[in-house]
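Participant: Below is the structure I would like to discuss, written out as structure tokens.
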Amino acid sequence: MLALWLTDARSQTAPRPTIENVQFRGNRRVPAATLRTRIFSKPGDLYDDNALRRDFMALYNTGMFEDIVLRVEDGERGKVVTFEFKERPVIRSIEYKGNKSVTHSDILDRFKERRVGLTVESRFDPTRIKRAEVVLKQLLSERGRQYATVTVENKPIPPSSVALTFTVDEGPKVKIGRIGFEGNQVLGRRTLARSMRHSRPYGIPKSIILESLFAKTYDKNKLDEDMEFVRGAYQDRGYFKALVNDPKIATRDTGGGFRIPWIKSGRPGRKVDITIPVVEGERYHLGDMTFKNSTLFQDPDKVLRTLFLMGNGDVFDVSKVRKGLEEMRKVYGEFGYINFVASPETEINDEARRIDMTFNVEEGKQFRVRRIEFAGNSTTRDKVIRRELLLHEGSLFNSRLWELSLLRLNQLDYFEKLDPKASNIQPDNRTGQVDIALQVKEKGKNAIGFSGGVSGLSGSFVGFNYQTNNFMGLGENLTFDAQLGSLQRNILVGLTHPYAFDRPLQIGATFFSSRYNFNEAQQASIFAGQDIRPLFNLLGSENIQNYRQSSNGFTAFASYPLHNNFTRVGLTYGYDSSNITTFSEVSQLLFENLNFNGLGGPNSLEGIRTSKIVPTYTYNTVDHPLTPSRGKSLFASLELSGLGGNVRMYRPTVDFKWFKPVTGGARTFGMHVLGTTMSGYRGRVVPPFARFYAGGETDVRGFDFYTISPIGFIPDKSSTIVLNADGSPRLTTGLDQLGQESQQGQVMTVPVNRITFPGGDTKVIANFEYRIPIFGPVSLAIFWDQGANFAWRRSQLELTEQRLTELRKEFPNTDFKKTLEFARGTNLKWRASTGLELQVVLPVVNAPFRVYWAYNPMRLTTDISPAPLLDRALFPNQATFQNAVDAFGTPRPYSEPKKTFRFTIGRTF
Numbered sequence: 089m090l091a092l093w094l095t096d097a098r099s100q101t102a103p104r105p106t107i108e109n110v111q112f113r114g115n116r117r118v119p120a121a122t123l124r125t126r127i128f129s130k131p132g133d134l135y136d137d138n139a140l141r142r143d144f145m146a147l148y149n150t151g152m153f154e155d156i157v158l159r160v161e162d163g164e165r166g167k168v169v170t171f172e173f174k175e176r177p178v179i180r181s182i183e184y185k186g187n188k189s190v191t192h193s194d195i196l197d198r199f200k201e202r203r204v205g206l207t208v209e210s211r212f213d214p215t216r217i218k219r220a221e222v223v224l225k226q227l228l229s230e231r232g233r234q235y236a237t238v239t240v241e242n243k244p245i246p247p248s249s250v251a252l253t254f255t256v257d258e259g260p261k262v263k264i265g266r267i268g269f270e271g272n273q274v275l276g277r278r279t280l281a282r283s284m285r286h287s288r289p290y291g292i293p294k295s296i297i298l299e300s301l302f303a304k305t306y307d308k309n310k311l312d313e314d315m316e317f318v319r320g321a322y323q324d325r326g327y328f329k330a331l332v333n334d335p336k337i338a339t340r341d342t343g344g345g346f347r348i349p350w351i352k353s354g355r356p357g358r359k360v361d362i363t364i365p366v367v368e369g370e371r372y373h374l375g376d377m378t379f380k381n382s383t384l385f386q387d388p389d390k391v392l393r394t395l396f397l398m399g400n401g402d403v404f405d406v407s408k409v410r411k412g413l414e415e416m417r418k419v420y421g422e423f424g425y426i427n428f429v430a431s432p433e434t435e436i437n438d439e440a441r442r443i444d445m446t447f448n449v450e451e452g453k454q455f456r457v458r459r460i461e462f463a464g465n466s467t468t469r470d471k472v473i474r475r476e477l478l479l480h481e482g483s484l485f486n487s488r489l490w491e492l493s494l495l496r497l498n499q500l501d502y503f504e505k506l507d508p509k510a511s512n513i514q515p516d517n518r519t520g521q522v523d524i525a526l527q528v529k530e531k532g533k534n535a536i537g538f539s540g541g542v543s544g545l546s547g548s549f550v551g552f553n554y555q556t557n558n559f560m561g562l563g564e565n566l567t568f569d570a571q572l573g574s575l576q577r578n579i580l581v582g583l584t585h586p587y588a589f590d591r592p593l594q595i596g597a598t599f600f601s602s603r604y605n606f607n608e609a610q611q612a613s614i615f616a617g618q619d620i621r622p623l624f625n626l627l628g629s630e631n632i633q634n635y636r637q638s639s640n641g642f643t644a645f646a647s648y649p650l651h652n653n654f655t656r657v658g659l660t661y662g663y664d665s666s667n668i669t670t671f672s673e674v675s676q677l678l679f680e681n682l683n684f685n686g687l688g689g690p691n692s693l694e695g696i697r698t699s700k701i702v703p704t705y706t707y708n709t710v711d712h713p714l715t716p717s718r719g720k721s722l723f724a725s726l727e728l729s730g731l732g733g734n735v736r737m738y739r740p741t742v743d744f745k746w747f748k749p750v751t752g753g754a755r756t757f758g759m760h761v762l763g764t765t766m767s768g769y770r771g772r773v774v775p776p777f778a779r780f781y782a783g784g785e786t787d788v789r790g791f792d793f794y795t796i797s798p799i800g801f802i803p804d805k806s807s808t809i810v811l812n813a814d815g816s817p818r819l820t821t822g823l824d825q826l827g828q829e830s831q832q833g834q835v836m837t838v839p840v841n842r843i844t845f846p847g848g849d850t851k852v853i854a855n856f857e858y859r860i861p862i863f864g865p866v867s868l869a870i871f872w873d874q875g876a877n878f879a880w881r882r883s884q885l886e887l888t889e890q891r892l893t894e895l896r897k898e899f900p901n902t903d904f905k906k907t908l909e910f911a912r913g914t915n916l917k918w919r920a921s922t923g924l925e926l927q928v929v930l931p932v933v934n935a936p937f938r939v940y941w942a943y944n945p946m947r948l949t950t951d952i953s954p955a956p957l958l959d960r961a962l963f964p965n966q967a968t969f970q971n972a973v974d975a976f977g978t979p980r981p982y983s984e985p986k987k988t989f990r991f992t993i994g995r996t997f
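Structure representation (structure tokens):
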């Protein structure tokens, strides 16, 4: 029900009143600021009935409200306009019951395909729900459930949410029964049924006895397509005017009684017997075949007719006509006629039962090759590709030579398989030239600040940074940053010259030295504000990443603006040398047994040299770097390592920010999206220390620092105590350190899977903020963070052949996986965090001090169960086997925090 109450009474002679205030009531989920952007009326405007009606309809048309009441009352200085809302409930959950023929994923895919728009957290809309019901029934019908019924129940969840339940009664499954034909004299039932690609039974084609073993599911839409296939079967045999009429459908019940496996089902069901009436007509033969407007050949009738494999008097075969047209396109393509079109016309002589064909040829313009370009070949040079081509720049375009060129490139085995779709052929009709772009995919990233603190967990630390954008008045940028503490040590000195050689060429260099201690349990405890190391200890201290990385290096960079001054392109070169010291077994395994620098074993932890080149693109119209309120920025880069170092990897990154003022510019809506991925190449993988970790105030705020990572298992070996059958330790006599005989416990070596947090190779982060200024430098932000950090390229987490050989030699009957396996549900797992953040811009630090509370609606809570490697045959008795299982195969609980309270300095974006 809609209601519009206007209570003012205006006099034609009196001055028009103004709007004193516009109020919103009942809008629980939709912010008032959002509603104000939907209407035009605002305080101070002249009161106008028509304008309010327009605003009323604008709000109602958003579809977010069931009912809207507009009230206008007299205020002290004018009219007070009040919009009262009854919001549509939000769908909190959608459940499907009784669906056996289709999966939950099938339903969601179909809803997405048909644009139903019914999702969790969407608004309750009876129209959408009815459409979802219809689409679901159509999907079930395609799976043979023609008699399925779908009922929808919506259960209210106070205060304003609902839970939807789709209950499906699939009914009996409808299969295709007997397929028959009426009026067929020339072609037999079996031949015609065989032409029905969708409806013919499963079996061994043309095997007479075994051709019709299993009936297919009945689908009316596919049956309509099969009607055309039946007609095509006649036309391919000369019956050009054959007609296929609407099929006759008869439904019968099946099942019941006794059951014979594979032959007779005892389950009740239904079958559809199909009878298709056909009118075969007369058989036609080919008469004359002529080609008009063909100038390429002196005698086109003689040259082109051979492509159709039919002569005068032969049975008219439509399939040969189709193939002939395709061959004509290829022939003309060999002579540069890219836009060639041939339109066939038929002249039927019913008395002679003959069909004459005329092809109207539109040759178009003949093209020559102007340019051939390549994309995607980051390693393979252009000349290596070009020398394999049979088509060259300046020559006449030849489609056949281009196809052969692709074949030669495929034979090199440098790239993923190339097909014609990989080439983008762009003809220029004005000049008669064509450009070819071949996409290949090779096999095979003036402020002073102080910070400091003390913690019983992390020790003391102090930080200092200095940056000036006008060093010595020359406009140069000098940066000095030092972070000194027991957890990390970073020292960086950089100088940037923004206008080198009197041109807008920005050049610069940085030099750095760093030491970073990465202890997963300790890091998480620090940022949680409490000691949560016991939680990680449940996984075993040997399974927690714990290492120290020491690095020294430099970078040099240059950038230049494009025609638009807000856009710059740049190039960065960097080099660093790192050494790794491990403090846990799993860190040692990960670093020593992944081929990231061409070395294996302990040598892989020293002399890790990374030489990288990074092209960058930057577009930036953000109005202020510290307190932005409008504008957008786009940063894109591609980091490629391997030019002189022993680490080979690439890392493309895209970072986008957008800020928009709302409510007259007083408040700001901000959005940030980050996408990045990495991979090794030429037989190398990404170094473990370079892989992505997420969590913390810089991306998904509600989670602990660097704890968002896939959880995997790395093969190793360990020792376990040998027990007697009664569970007591098995003792052996040996010599102790003093050379005296003593009883010692017997141990044995067994294969195990150690839990590891290897990090991801692909990271996607999205941040949304609604910033509300309170007073001065203080503001409040409502935020939503969501992200995923996952291992997309499993090949980047492979053990070295040396390590695999060692394990397989020691345990020949154990199936060791070369690629690390992941705990179920921990790889591609999205996390989300929402909450409130208080921001205070500190004038000395020149950065916001933040205190925030976050709730994590999407988090990981699971039991980590190591993939089993233990085999009973390895052990002398059941007691020893069970002891090893308890030690190395017991599921271990892991749960991420539900909420977080934290303070920090700096912005998320």
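First residue of the sequence shown: 89, per our numbering; consecutive thereafter. Glycine included, every Cβ here is placed at the ideal spot set by N, Cα and C. Every value quoted in this text rests on a predicted model; they were computed, and no experiment measured them.
#1: What separation, rounded to the nearest whole angstrom, lies between the Cα atoms of GLY763 and GLY783?
#2: Quick check: VAL750 and ILE696, are their CB atoms within less than 8 Å of each other?
#3: Hey, out of PHE423, LYS897 and ARG603, whose CA is closest to ASP664's CA?
#4: Are VAL208 and ARG176 close, meaning C-beta to C-beta below 8 Å?
#5: Kindly indicate the opening and closing residues of the alpha helix (DSSP H) around LEU413.
#6: According to DSSP, which residues form a beta bridge with TYR705?
#7: Could you name each continuous alpha helix (DSSP H) segment of 4 residues or more that falls completely within the region 173–206, going from the start of the chain to the end?
#8: Tell me ASN734's beta-bridge partners as DSSP assigns them.
#9: At the 8 Å Cβ level, is THR764 part of the contact set with chain B, yes or no?
#10: Straight-line CA distance for PRO432 to LYS218?
#11: Rounded to the nearest angstrom, how far is the Cβ of SER721 from that of LYS700, given a contact under 8 Å?
#12: Near LYS906, what residues of its chain come up, given a Cβ to Cβ distance below 8 Å and the 5 sequence neighbours on each side ignored?
#13: When you compare the region 400–417 with the region 384–391, are there three or more beta-carbon pairs, one atom per stretch, that lie closer than 8 Å?
#14: Sort out for me which residues DSSP pairs HIS760 with in a bridge.
#15: According to DSSP, simplified to helix, strand and coil, what is ARG216?
#16: Tell me, please, whether the region 354–370 touches the region 248–263 by the rule of three or more beta-carbon pairs shorter than 8 Å.
#17: Kindly list the residues whose CB is nearer than 7 Å to the CB of GLY768, restricted to its own chain and excluding five residues on each side of it in sequence; keep chain order.
#18: Express the C-alpha separation of VAL222 and ASN363 in angstroms, rounding to a whole number.
#19: According to DSSP, what are the bridge partners of ILE952?
#20: Tell me which same chain residues have a C-beta within less than 6 Å of the C-beta of GLU161, skipping the five on either side of it?
#21: Does LYS310 come out as helix, strand or coil in the three-state DSSP assignment?
#22: Can ARG912 and GLN874 be called in contact, C-beta distance under 8 Å?
#23: Which ranges would you report for the beta strand (DSSP E) in the region 369–409 if only whole runs of at least 3 residues count?
#24: Which class does GLY320 belong to by DSSP, given the choice of helix, strand or coil?
#25: If we ignore side chains and look at the alpha-carbon of each, how far apart do ASP334 and PRO365 end up?
#26: Between the alpha carbons of LEU252 and GLU241, how many angstroms are there, rounded?
#27: Tell me which residue opens and which closes the alpha helix (DSSP H) that VAL472 is part of.
#28: What would DSSP say about MET315, mapped onto helix, strand or coil?
#29: For GLN514, report the span of its beta strand (DSSP E) as first-last.
#30: Using a threshold of 8 Å, state whether the C-beta atoms of ARG216 and LEU224 are closer than that.
#31: Opposite SER867 in the DSSP bridges: which residues?
#32: Among SER666, THR150 and LEU374, whose alpha-carbon lies nearest the alpha-carbon of ARG211?
#33: Would you kindly check if the distance between the Cβ of GLY399 and the Cβ of ASN437 is under 8 Å?
#34: In terms of alpha-carbon separation, which member of ARG141, SER248 and THR305 lies closest to SER189?
#35: How far does the alpha helix (DSSP H) with GLU898 in it extend, from its first residue to its last?
#36: Ignore the nearest five residues each way along the sequence and tell me which others in GLY31's own chain have a CB closer than 7 Å to its CB.
Facilitator: Once the coordinates are examined:
#1: 15 Å
#2: no
#3: ARG603
#4: no
#5: 406–422
#6: VAL657 and ALA724
#7: 192–201
#8: DSSP, once it has assigned bridges, lists no residue as partnering ASN734.
#9: Of the protein chains in this structure there is only one, and it is not chain B.
#10: 47 Å
#11: Contact flag wrong, Cβ pair sits at about 23 Å.
#12: GLU886, LEU887 and LEU892
#13: no
#14: LYS745 and ASN855
#15: helix
#16: yes
#17: PHE684, ARG736, MET737, VAL774 and GLN884
#18: Reading off the sequence shown, one finds Thr at residue 363, where the question assumed Asn. Those two C-alpha atoms are separated by around 28 Å.
#19: ARG980
#20: VAL168
#21: helix
#22: no
#23: 373–380
#24: helix
#25: 7 Å
#26: 6 Å
#27: 470–474
#28: helix
#29: 511–516
#30: no
#31: PRO861 and GLN927
#32: THR150
#33: no
#34: THR305
#35: 889–898
#36: Past the edges of the chain, shown from 89 to 997, lies residue 31, and the structure says nothing about it.
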